[in-house]
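According to the numbering used here, the sequence shown is numbered sequentially starting from 4. C-beta atoms are modelled at their ideal positions from N, C-alpha and C, and glycine is treated no differently. What follows is a set of notes on a single structure, which appears directly below.
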Amino acid sequence: MSQIDDLPPLRDVIRTHGLDAKKSLGQNFLLDLNLTSRIARAAGDLANATVVEVGPGPGGLTRALLANGARKVIAIEKDSRCLPALAEISARYPGRLDVIEGDALKVDVAALGEGHPVRIVANLPYNVGTQLLLNWITTPVWPPFWASLTLMFQKEVGQRITATVDDDHYGRLGVLAGWRTRARILFDIGPQAFTPPPKVTSAVVHLEPNPEPLPCALADLERVTAAAFGQRRKMLRASLKGLKPDAEQRIADCGIAPTARAEEIDIPGFVRLAARFAES
Ligand code: SAM
């Protein structure tokens, strides 16, 4: 694919606006139009959605979202150098792109929906990607304000998000994501697709809310998973002892062997532990 719109090619945009990639902002720009369009299409029905994009940079993915029919894109970008390039896209798609200059960690994304389902789509900055995902999957109200998350991560992070029990990558992130969402890796993207190329392969992860996660208080689940995976090589009777002195009995009450390790406990098991360890 050589063109998706009549705006200048991304390489020219980057040169014209002097957008040399800054490592401190996790800037690895995706210039391959086949890939940006593939991500946009994977995000689901964009025509009726409010698409929130974190870190549009020079706007490659933003342009793919708009060219693929997004009703409205609200893009949050921390680097003010990118704003003139984004203004050109806004002018090409009148009324369909709003840009918020700021730190996505501080923006109330839940308030941006305009009465439409929110689809969050982003090639995330590596330094804040996991924190943003955690914020979205641990939002207090469930089902959440968002209808889907289509996000690019380092592949290893994608594997941790989608990991299930007995998988090497299984940990707190896999439990929380697996409890509240249906998460899957859609495809990998090699380093050479980016400018500059990162050191590792990336993966696009798609998450949709699980409408009825097993009943459990989020704080209780976070407490047991933090303790269990904080010392993942230890048996649960040791790693959970700091939570309650009678940990061994409580673990057994859940039908779980106190000698088991965190990586052997599936999500229903963690939900039972969370409830039992929350009791006085
Ligand atoms: N979306 C573009 C693409 O696919 O080519 C750029 C992706 S680049 C990996 C990450 C972008 O996130 C950069 O434009 C960077 O300036 C921006 N960014 C970094 N930290 C941010 C933050 N806390 N809030 C909003 N944007 C941020």
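Run through DSSP, which three-state label would residue i get?
| i | result |
| --- | --- |
| I17 | helix |
| P120 | coil |
| I188 | strand |
| S283 | coil |
| V168 | coil |
| V144 | coil |
| V110 | coil |
| L224 | helix |
| E215 | coil |
| I270 | helix |
| S5 | coil |
| R175 | helix |
| R235 | coil |
| N51 | coil |
| R74 | coil |
| T153 | strand |
| L276 | helix |
Compute the minimum distance between the beta carbon of residue i and the heavy atoms of the ligand SAM, and state whether it is under 6 Å.
| i | result |
| --- | --- |
| E80 | yes |
| F32 | yes |
| P200 | no |
| G58 | yes |
| A107 | yes |
| P128 | yes |
| G29 | yes |
| V208 | no |
| V124 | no |
| V131 | yes |
Identify, in the order they occur along the chain, each residue of the same chain with its Cβ nearer than 7 Å to the Cβ of residue i, setting aside the five sequence neighbours on each side.
| i | result |
| --- | --- |
| P271 | L217 |
| G181 | T167, I270 |
| Y173 | A166, T167, E266 |
| G193 | T204 |
For the beta strand (DSSP E) containing residue i, name the first residue and the last one.
| i | result |
| --- | --- |
| V158 | Contrary to the premise, residue 158 reads as Lys rather than Val in this sequence. K158 -> not in any beta strand (DSSP E); alpha helix (DSSP H) instead, spanning 158-165. |
| P212 | 205-212 |
| E104 | 100-104 |
| A241 | Not the beta strand (DSSP E): A241 falls in the alpha helix (DSSP H), residues 239-242. |
| K25 | K25 -> no beta strand (DSSP E), and no H or E assigned at all. |
Beta-carbon within less than 8 Å of residue i's beta-carbon, same chain only, minus the 5 sequence neighbours each way: which residues are those?
| i | result |
| --- | --- |
| D223 | A277, A278, F280, A281 |
| H20 | P61, R84, C85, P87, A88 |
| L108 | V131, Q134, L135, N138 |
Which residues in the same chain as residue i place their Cβ atom closer than 6 Å to its Cβ, once the five residues preceding and following it in sequence are excluded?
| i | result |
| --- | --- |
| V203 | Q157 |
| F190 | V207 |
Provide the residue span of the alpha helix (DSSP H) that contains residue i, from first to last.
| i | result |
| --- | --- |
| I92 | 86-95 |
| I254 | 250-256 |
| A43 | 36-45 |
| T65 | 63-70 |
With a threshold of 6 Å (Cβ to nearest heavy atom), would residue i be considered close to the ligand HEM?
| i | result |
| --- | --- |
| G63 | By its list of ligands, the structure shown excludes the ligand HEM, since it contains just the ligand SAM. |
Counting Cβ pairs closer than 8 Å, one from the stretch 249-263 and one from the stretch 142-154, do we hit at least three? no
For the pair the stretch 85-95 and the stretch 115-128, tell me if three or more CB-CB distances fall below 8 Å. no
Does the contact criterion of 3 or more C-beta pairs under 8 Å hold for the stretch 73-80 versus the stretch 97-114? yes
Okay, do the stretch 26-33 and the stretch 196-205 touch, 3+ Cβ pairs below 8 Å being the bar? yes
Three or more beta-carbon pairs under 8 Å between the stretch 219-237 and the stretch 55-69, yes or no? no
Using 8 Å as the cut-off, can you tell me whether the stretch 207-215 makes contact with the stretch 255-269, which would need three or more C-beta pairs spanning the two stretches below that distance? no
Inter-stretch contact at 8 Å, needing at least 3 Cβ pairs: the stretch 61-70 / the stretch 4-18: yes
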